[in-house]
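So the protein lines, in turn, are chains A and B.
Just remember that the working numbering sits 19 ahead of the position in the first sequence, which is counted from 1.
Just remember that the working numbering sits 31 ahead of the position in the second sequence, which is counted from 1.
Cβ coordinates follow ideal geometry from the N, Cα and C atoms, glycine included.
Below is one structure, written out as structure tokens; comments come after it.
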Amino acid sequence: MSNAVSALQGEVYKGFATVADVGPSGMIALRGDLGAAKLKGAVKKATGVAVPGMRKAGFAGDNGVCWMSPDELLILCPYESAGDMTTALQEALAGTHHLAANVSDARARIVVSGGDMREVLAKLTPADVSAAAFVPGDFRRSRLAQVPAAFWMADDETVEVVCFRSVARYVFDILKNAAIPGSEAGFMGT
Amino acid sequence: MLILHCPYCGTDADETELAPGGEAHLKRFGPGSQDADFEAYLFARENPMGVHFERWRHANGCGKWFHAARCTTTLEVFGTYSAQTLDPPQEIRDAITAKRPGWRWRDFA
Ligand SMILES: [Zn+2]
């Protein structure tokens, strides 16, 4: 058994906000009819979380379910649980048109925390991340500088970002650059 | 900056989240069709000053394709709508008529 590591191997940068690699993180891509009772039941049973509404994310304990598109969810869980959870979803949805894939090793998960974390994000994405438009429970797919990324707020001072593993270094470095002390734009009123 | 409302994820996405997909409502002419029809399908495109129909993809977002009706001279957006249609829905046509009475685009009016 190989020793799984995240692309950034736990790197942390402390600027006016803290940027930190979460480390190996479980992620499952689930596609199917999000309105179907069978899928809703399977997701709830596997994760303990109900299928969220458009651009929302729900959490229960270590698990989370995020709305990616009208036919796709991103399931978050501990790295070690992803394999079994994927199998459980596949078994629960057998006979239904769906796709459940363990994408844990294809993605990176980075957390930006601190009172000014909205500033860091706002420098890199066209999405409205002001307190009026983006709060815990919301989920947004957009871009960070030149690459696609998705983000959600864990609490009022913490935002989590997922991106492709192949661009993990790029995303970490632009977040780090945006968090350099003295580069606060003061635009978000924090 | 062009901002289009994505009908699939409800986001008002600016153009840096979007990928252009060219002219909308093209009818495909494939094997067995007349050469002139095939040529027109491949190459003949509208290039209007004014009302235009386009395909866009919310590439840095939910990933879905959708349609947009807008004005090429003012960048005014009349509306966006589902990709699962062969022609613009009535509310889009009405929105255009309200702003550009007498508009015409290919076979639509
Ligand atoms: Zn969208």
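**Request:** Report yes if the C-beta distance between M46(A) and L95(A) is below 8 Å; otherwise report no.
**Result:** Contact flag set, yes.
**chain B contact for R50(A) (CB, 8 Å cutoff)** = Contact of R50(A) with chain B is not assigned, every C-beta pair being separated by 8 Å or more.
**Asked** Sorry if obvious, but does the Cβ on A75(B) come closer than 7 Å to a heavy atom of ligand 1?
**Response** no
**Prompt:** DSSP three-state call for V139(A): helix, strand or coil?
**Reply:** helix
**Asked** Can a CB atom of chain A be found closer than 8 Å to the CB of Y112(B)?
**Response** no
**Asked** Measuring CA to CA, which of K59(A), V84(A) and V186(A) is closest to A127(A)?
**Response** V186(A)
**Asked** Straight-line CA distance for F78(A) to L143(A)?
**Response** Computed Cα separation, rounded: 26 Å.
**Asked** Is I199(A) buried or exposed, if buried means 16 or more other CB atoms sit within 10 Å of its CB?
**Response** exposed
**Whether P50(B) touches I34(B) by CB criterion (8 Å)** = A small fix is needed here, since residue 50(B) is Ala in this sequence, not Pro. No.
**Message:** For Q165(A), tell me which candidate among Q121(B), C37(B), G63(B) and E48(B) has the shortest Cα-Cα distance.
**Reply:** E48(B)
**Prompt:** Which word fits D147(A), buried or exposed, when buried means at least 16 other C-beta atoms lie within 10 angstroms of its C-beta?
**Reply:** exposed
**Request:** Run down chain A in chain order and give the residues with a C-beta less than 8 Å from the C-beta of K95(B).
**Result:** S88 and P89
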